[in-house]
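Chemist: Quick one: the structure is below, and I'll ask about it shortly.
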Ligand code: ADP
Ligand code: MG
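In my numbering, the protein residues as written are 280 to 522.
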């Protein structure tokens, strides 16, 4: 689903004449198979969001190649990216990013409208997705009338509504308490099983990594498979990570 080849990224900060180069990712290779949940671990500032933004096309890599769903997206321009994202990708954010003036139903409907689907098809798809995340009773609720966990379920429903092959999630449970986190993770796990959706999920939380088929860690700009990085971990942990 995703093949990342020798990817490097650096930021150039400051004004002309006094720019500073900040290298963030160095020579990264990563393959994510269809239907896999892969979590990306790493300390704050290690480059996790940078990696996700490169895969999402919000940033251009300094070097390297990214192939998604068989398409080399490395040289895409903004228009090509916008079209590609709508056709293949969904996004889940830490802060949910729901539109406050729209109901739960309207929030989920938005990508379907952008895709140009007609009203009846949209209504059917929104209802189906709301049911899937157990939020059918909340169609007419505004985000401010929902708990954090419920808002994130709407966020997940919005990401899933177009049945994308790939979902990118940046700390999807980062602003939830641990009980709510568990239920949201369970939803992601079930959706992955039912729909075969691939997830690339960023986290600094081992709880989140526990639903992943595979975990990788960014450290000093480089990527390591979790199995190698945590060889000293007790066996039980390894089994949990590799379910
Ligand atoms: P993480 O998500 O792992 O916490 P980030 O990918 O957000 O880390 O950031 C990695 C590094 O890149 C940090 O040192 C951060 O300051 C730097 N960085 C991120 N975005 C930018 C940007 N737009 N301009 C300059 N530096 C950035
Ligand atoms: Mg981040």
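Don't be surprised by glycine CBs; every beta carbon is placed ideally from N, CA and C.
Given the structure is predicted, the values throughout are model-derived calculations rather than measurements.
(1) For residue 440, which of helix, strand or coil comes out of DSSP?
(2) So, does the region 361-370 touch the region 300-309, judging by three or more C-beta pairs under 8 angstroms?
(3) Mind checking which residues open and close the alpha helix (DSSP H) that includes residue 462?
(4) Would you check if there are 3 or more beta carbon pairs closer than 8 angstroms linking the region 399-413 to the region 335-354?
(5) Do the CB positions of residue 267 and residue 296 come within less than 8 angstroms of each other?
(6) Let me know the alpha helix (DSSP H) ranges lying completely inside the region 299-357, each 4 residues or longer, listed in chain order.
(7) I need the straight-line Cα distance from residue 512 to residue 502, nearest angstrom please.
(8) In this structure, does DSSP put residue 392 in helix, strand or coil?
(9) Would you kindly work out how many angstroms separate the C-alpha atoms of residue 342 and residue 288, rounded to a whole number?
(10) Is the separation between the beta-carbon of residue 478 and that of residue 317 shorter than 8 angstroms?
(11) Per the contact definition of three or more C-beta pairs closer than 8 angstroms, is the region 421-430 in contact with the region 372-387?
(12) Which residues in the same chain as residue 464 place their Cβ atom closer than 6 angstroms to its Cβ, once the five residues preceding and following it in sequence are excluded?
(13) Helix, strand or coil for residue 426 per DSSP?
(14) Which two residues bound the contiguous alpha helix (DSSP H) that contains residue 408?
(15) Where residue 281 and residue 329 are concerned, what is the direct C-alpha to C-alpha distance, given to the nearest angstrom?
(16) So which residues put a beta carbon under 6 angstroms from any heavy atom of ligand 1, going in chain order?
(17) Quick one: is the Cβ of residue 449 within less than 7 angstroms of any heavy atom of ligand 2?
(18) So what's residue 504 in DSSP terms, helix, strand or just coil?
(19) Identify, in the order they occur along the chain, each residue of the same chain with its Cβ nearer than 8 angstroms to the Cβ of residue 396, setting aside the five sequence neighbours on each side.
(20) Which residue's Cα is closest to the Cα of residue 384: 409, 314, 360 and 450?
(21) What is the DSSP secondary structure of residue 450, reduced to helix, strand or coil?
(22) Let's test the definition: count the other Cβ atoms within 10 Å of the Cβ of residue 375 and tell me whether it reaches 16, buried, or not, exposed.
(23) Assuming residue 460 contacts residue 418 (C-beta within less than 8 angstroms), just tell me the rounded distance between them.
(24) Mapping the DSSP letters down to three states, classify residue 499 as helix, strand or coil.
(25) Is it buried or exposed, residue 443, if we count other Cβ atoms within 10 angstroms and call 16 or more buried?
Modeler: So, to answer that:
(1) coil
(2) no
(3) 457-474
(4) no
(5) Any answer about residue 267 is impossible in this case: the structure gives the chain only from 280 up to 522.
(6) 327-335
(7) Only weak support is given to the placement of residue 512: the predicted model assigns it a pLDDT of 39, under 50, and the question is left unresolved by the model.
(8) helix
(9) 7 angstroms
(10) yes
(11) yes
(12) 490
(13) coil
(14) 398-411
(15) 16 angstroms
(16) 290, 292, 301, 303, 321, 323, 324, 325, 326, 327, 328 and 329
(17) yes
(18) strand
(19) 404
(20) 409
(21) coil
(22) buried
(23) Going by Cβ atoms, the distance from residue 460 to residue 418 rounds to 24 angstroms, so no, they are not a contact pair.
(24) coil
(25) buried
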